[in-house]
Each structure stands twice: as structure tokens, then as C-alpha cells.
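Undergrad: Can you read through this structure? Questions will come right after.
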Amino acid sequence: MALKRSSLENYTLLLVELNKMRHTNFSAKTFLKKMRPFCQTSHLKFKTLFLRIRGSNIGITIRVCTDCFIVTQSFCVHEFIFYCNSQKTLISKLLKHNLLIP
């Protein structure tokens with residue numbers, strides 16, 4: 135595997151990793167650890183998470199609430215609200231709605 139991957143390669147590897155994941159309760163710290171090889175990540179007290187597929191210009195902001203996740207894509211006005219409690223479910227919803235497009 136190359137040291138420098140394109141955004142499409144990172145996106146594809148994230149899809150492969152998603153298939154290997156189990157449904158576990160959401161924890162912001164472990165979520166960022168899972169995403170770090172494929173995305174550039176940062177956070178504010180694990181309540182606001184910033185993700186961007188490596189090599190892409192578009193990123194997302196995830197606000198972690200008690201019962202939902204509020205996702206806003208960079209350069210967009212729309213907000214998406216996802217009600218789930220699993221890391222795998224959250225990632226699959228982000229991919230299904232094309233929020234992590236490379």
C-alpha cells in the first residue's frame with residue numbers, strides 16, 4: 135500500500151473497514167481512532183467532531199448530542215440529524231447520504 139493515498143483510495147478503504155466493524159455503542163474517542171487512518175480528524179471536547187477524508191477538500195462537522203448526531207457538510211447550509219447509537223450505523227449513514235464524498 136502506498137504511503138500517499140488519493141481521496142478515492144481512502145474512501146474505498148473506509149468502505150472495506152465498515153464491513154469489518156461490529157455494532158458497538160458510540161464513543162467519540164474510539165470513533166475518531168477508527169476514522170483517523172482514512173480521515174483528518176479534530177475535536178472540541180468530544181462534543182464537536184471535524185472529519186475530512188484525506189486528500190479531499192470537503193469535510194463535515196458532527197455535533198454529538200445526547201440522543202442524536204447533527205451533521206453539517208462544509209460549504210453547505212443543510213444539516214442532517216441522525217438518530218443512532220452505533221458507530222457502524224453512523225458511518226454507514228454518512229456514506230449513504232454522500233457526506234464523505236472524496
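The numbering used here applies: residue 135 is where the sequence shown begins, and numbers increase by one.
Even glycine gets a Cβ: it sits at the ideal position worked out from N, Cα and C.
(1) Helix, strand or coil: how does DSSP classify residue 191 here?
(2) Here's a check: name, in chain order, each residue in its chain whose Cβ is nearer than 6 Å to the Cβ of residue 187, leaving out the five neighbours to either side.
(3) Output the boundary residues of the alpha helix (DSSP H) element that contains residue 141.
(4) With C-beta atoms as the reference, is residue 196 less than 9 Å away from residue 203?
(5) Please tell me whether residue 221 and residue 159 are closer than 9 Å, where the distance is taken between their beta carbons.
(6) Who are residue 183's beta bridge partners in DSSP?
(7) Note down, in chain order, each residue of its chain lying with its Cβ closer than 6 Å to the Cβ of residue 182, except the 5 sequence neighbours on either side.
TA: Once the coordinates are examined:
(1) By one-based count along the sequence shown, residue 191 stands at place 57. Looking at residue 191 - three-state DSSP - the assignment turns out to be coil, as it is neither helix nor strand.
(2) Start at 1 with the first residue of the sequence shown, and residue 187 comes out as number 53. So the list reads 141, 144, 145, 173, 234, 236, once near-sequence residues are dropped.
(3) The sequence position of residue 141 within the sequence shown is 7, counting from 1. Element bounds for residue 141: 141-154.
(4) Position 62 of the sequence shown, counted from the start, is the residue given in the question as residue 196. Position 69 of the sequence shown, counted from the start, is the residue given in the question as residue 203. Taking 9 Å as the Cβ cut-off, residue 196 and residue 203 qualify as a contacting pair.
(5) Numbered from 1 along the sequence shown, position 87 holds the residue referred to as residue 221. Numbered from 1 along the sequence shown, position 25 holds the residue referred to as residue 159. Closer than 9 Å, so yes.
(6) Mapped onto the sequence shown, residue 183 falls at position 49. Residue 183 pairs with 177, 196.
(7) Sequence index remark: in the sequence shown, residue 182 carries index 48 (1-based). Excluding sequence neighbours, residue 182 sits near 197.
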